[in-house]
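Residue numbers (the UniProt record's numbering): 1 to 409.
Built from N, CA and C at the ideal position, the CB exists for glycine as well.
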Ligand SMILES: [Zn+2]
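Rendered as structure tokens:
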């Protein structure tokens, strides 16, 4: 059992409790959280480690959507337009994936850890990121991804997907949890979606899919037109989309832990359906900005009571995998939101919402949750408690301490 105390504790619990001069008692799981005075009196004789002036304790950050296999991109891919980006990914994919060695991915993971990330939802297209994920102390929900829209390729693609999923399952542990990703409605044949989702239901696996990321995707799925038409004709000899957005969403019934990434072009009907499915939206604001896609309408999500999480997406569409960088971008890009109150929502999106989307008992400093905890020291005293979350987002680059499952990581 260990006790840490700090100037501030941001619990991210159901009541969004913030404790001034607080302490936390934990083992592998959190045992107790309260004011330092309360903990001192209750747990007499146990040493309390004080983290110093202007210290903050909070749940470790959860990056709900990242592609580690594209970690070697910095200046190769074309930003500014979704179709140009997609074409540049196809042109440079092999080169980038080859350069993203286990060593490079491990380096990125240790930087993520230093910037406060304790759990990731890793979308794995080729299973080349499995070793570095297994070797990292960061908890990984490992989404084996299925892709392929051509009917005559389905059997082979499904066999390859199942083999990759099985190798993830062989490595299952408390900190490595197999899951299933469907690439997107435009790139996965409905039969493949059906079979992959049946596996997810049978084995109670979390599921995630990209959904309505760009105007081109919207036009293609709804009307078989636009920028995707030429792309599909050239690469796959296809002139019609394999599904419609609502047909696609309807396939996801009875999945326990479900999330859709981007969703910037969703209709009201789509959002109602996403709500009905109890799904989360993975918000990747930097990726949307760099590919010049639409900004997610956060207020509309709130109206429809669809919760959102925070993901960095991969370095294929971001310059950083740090969650604090992503949170700052989110704060700056949603210009109509009040920065003080929005910061509080953002911290919950990056912790408890991420945990729920991935099906984990994490993301809150509350009794019986996993002890994934980060400690930060702010540069100066907080004058008004109200500003704590905003200042934390504004001023944090790296964290001072990370505990994962109660162990110093
Ligand atoms: Zn993505």
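For the candidate residues 277, 186, 330, 152, whose alpha-carbon lies nearest to that of residue 258?
-> For the purposes of this step, residue 258 is taken as residue 258 along the chain shown, with counting starting at 1. When only C-alpha atoms are compared, the closest one is 277.
Quick one: complete alpha helix (DSSP H) runs, 4+ long, within the stretch 285–350?
-> Segments of the alpha helix (DSSP H) lying fully in the stretch 285–350: 285–290, 298–303, 323–333, 339–348.
Among 394, 68, 222, which has the Cα closest to the Cα of residue 104?
-> Start at 1 with the first residue of the chain shown, and residue 104 comes out as number 104. Between residue 104 and the set 394, 68, 222, the nearest pair of CA atoms involves 68.
Just to check, is the beta-carbon of residue 266 closer than 7 Å to a non-hydrogen atom of ligand 1?
-> Counting from one through the chain shown, the residue named residue 266 turns up at place 266. No.
Take the Cβ of residue 371 as the centre, count every other Cβ of all protein chains shown within 10 Å, and call the residue buried at 16 or more, exposed below.
-> Counting from 1 along the chain shown, the entry for residue 371 is found at position 371. Using a 10 angstroms sphere on the CB of residue 371, the tally of other CB atoms reaches 16 or more, which defines it as buried.
Can residue 32 be considered in contact with ligand 1, in the sense that its beta carbon sits closer than 7 Å to one or more heavy atoms?
-> The residue given as residue 32 occupies position 32 in the chain shown. Result no, Cβ not under 7 Å from ligand 1.
Is it the case that the Cβ atoms of residue 148 and residue 189 are separated by a distance below 8 Å?
-> As a first step, residue 148 must be located in the chain shown, where it is residue number 148. As a first step, residue 189 must be located in the chain shown, where it is residue number 189. Yes.
Status (buried if at least 16 other CB within 10 Å, exposed otherwise) for residue 116 = Taking the chain shown and counting its residues from 1, one reaches residue 116 at position 116. Under this definition residue 116 is a buried residue.
Residue environment, residue 397, which counts as buried when at least 16 other CB atoms sit within 10 Å | Along the chain shown, read from residue 1 onward, the residue named residue 397 stands at position 397. Residue 397 counts as exposed, since fewer than 16 other C-beta atoms from the protein chains shown sit within 10 angstroms of its C-beta.
Compute the distance between the beta-carbons of residue 186 and residue 252, then report whether it is under 8 Å.
-> Position 186 of the chain shown, counting from 1, holds the residue named residue 186. Position 252 of the chain shown, counting from 1, holds the residue named residue 252. Their beta carbons are not under 8 Å apart, which means residue 186 does not touch residue 252 by this criterion.
When you compare only the Cα positions, how much space is there between residue 226 and residue 208?
-> Position 226 of the chain shown, counting from 1, holds the residue named residue 226. Position 208 of the chain shown, counting from 1, holds the residue named residue 208. About 26 Å.
Figure out for me which residue from 347, 366, 65, 374 has the closest Cα to the Cα of residue 393.
-> Walking along the chain shown from the start, residue 393 turns up at place 393. Between residue 393 and the set 347, 366, 65, 374, the nearest pair of CA atoms involves 347.
Which first and last residues belong to the alpha helix (DSSP H) in which residue 410 is found?
-> Residue 410 lies beyond the range of the chain shown here (1 to 409); nothing can be said about it.
Whose C-beta lies closer than 6 Å to the C-beta of residue 168 among residues of the same chain, with five residues either side of it excluded?
-> Working through the chain shown from its first residue, we reach residue 168 at position 168. For residue 168, the CB contacts under 6 Å within the same chain, skipping 5 residues up- and downstream, are 142, 144, 178 in chain order.
Provide the residue(s) that pair with residue 122 in DSSP beta bridges, ordered along the chain.
-> Residue numbering aside, residue 122 sits at position 122 when the chain shown is read from its first letter. Partner(s): 66, 142.
Contiguous alpha helix (DSSP H) assignments of at least 4 residues, all confined to the stretch 59–120 | With a minimum length of 4 residues, the continuous alpha helix (DSSP H) runs that stay inside the stretch 59–120 are 82–99, 102–114.
Comparing alpha-carbon positions, which option in 81, 76, 77, 261 lies nearest residue 63?
-> Here residue 63 refers to the residue found at position 63 when the chain shown is read from its first residue. Just measuring C-alpha positions, the residue of 81, 76, 77, 261 sitting nearest residue 63 is 261.
Name, in chain order, the residues that DSSP records as bridge partners for residue 381.
-> The sequence position of residue 381 within the chain shown is 381, counting from 1. Note: residue 381 sits in no beta bridge, so no partner.
For the stretch 26–57, which segments carrying the beta strand (DSSP E) assignment without a break, of at least 3 residues, lie completely within its bounds, in sequence order?
-> With a minimum length of 3 residues, the continuous beta strand (DSSP E) runs that stay inside the stretch 26–57 are 30–35, 48–50.
Terminal residues of the alpha helix (DSSP H) in which residue 229 lies = Here the question's residue 229 lines up with position 229 in the chain shown. In this chain, the alpha helix (DSSP H) harbouring residue 229 covers 227–236.
From residue 302 to residue 279, what does the alpha carbon distance come to, in whole angstroms?
-> Taking the chain shown and counting its residues from 1, the one referred to as residue 302 is at position 302. Taking the chain shown and counting its residues from 1, the one referred to as residue 279 is at position 279. Going by the C-alpha atoms only, they are around 13 Å apart.
May I have the straight-line CA-CA distance separating residue 79 from residue 36, to the nearest angstrom?
-> Reading the chain shown from its first residue, position 79 is the one you call residue 79. Reading the chain shown from its first residue, position 36 is the one you call residue 36. When rounded, the separation of the alpha-carbon atoms in residue 79 and residue 36 is 49 Å.
Proximity to residue 285 [Cα-Cα], best of 320, 306, 73, 255 | Locating residue 285 in the chain shown gives position 285, counting from the first residue. Nearest C-alpha to residue 285: 320.
Please name the residue or residues paired with residue 4 in a DSSP beta bridge.
-> Counted from its first residue, the chain shown places residue 4 at position 4. Residue 4 pairs with 24, 49.
Under the rule that 16 or more other beta-carbon atoms within 10 Å means buried, what is residue 353, buried or exposed?
-> Sequence index remark: in the chain shown, residue 353 carries index 353 (1-based). By the neighbour-count rule (16 or more Cβ atoms within 10 Å), residue 353 is buried.
Quick check: the stretch 320–329 against the stretch 37–57, are there 3 or more CB pairs under 8 Å?
-> Too few Cβ pairs lie closer than 8 Å, so no.
How would you label residue 379, buried or exposed, when you count the other beta carbons within 10 angstroms and need 16 or more for buried?
-> Numbered from its first residue, the chain shown carries residue 379 at position 379. When all chains shown are included, residue 379 counts as exposed.
Identify which residue in 8, 70, 59 has its Cα closest to the Cα of residue 317.
-> Against the chain shown, residue 317 aligns to sequence position 317. For residue 317, the nearest C-alpha among the options comes from 70.
Answer with buried or exposed for residue 138, where buried requires no fewer than 16 other C-beta atoms within 10 angstroms of its C-beta.
-> Here residue 138 refers to the residue found at position 138 of the chain shown. When all chains shown are included, residue 138 counts as buried.
Going by alpha carbons, who is nearest to residue 131 out of 164, 159, 114?
-> Within the chain shown, the letter at position 131 stands for residue 131. Nearest C-alpha to residue 131: 164.
Per the contact definition of three or more C-beta pairs closer than 8 Å, is the stretch 16–34 in contact with the stretch 83–96?
-> Contact fails: fewer than three Cβ-Cβ distances are below 8 Å.
Range of the contiguous alpha helix (DSSP H) that encloses residue 393 | Taking the chain shown and counting its residues from 1, the one referred to as residue 393 is at position 393. Here the alpha helix (DSSP H) through residue 393 covers 388–395.
Identify, in the order they occur along the chain, each residue of the same chain with its Cβ nearer than 6 Å to the Cβ of residue 100, setting aside the five sequence neighbours on each side.
-> Translated into positions along the chain shown, residue 100 becomes position 100. If you ignore the 5 residues before and after residue 100, its C-beta comes within less than 6 Å of the C-beta of 69, 71, 72, all in its own chain and listed in chain order.
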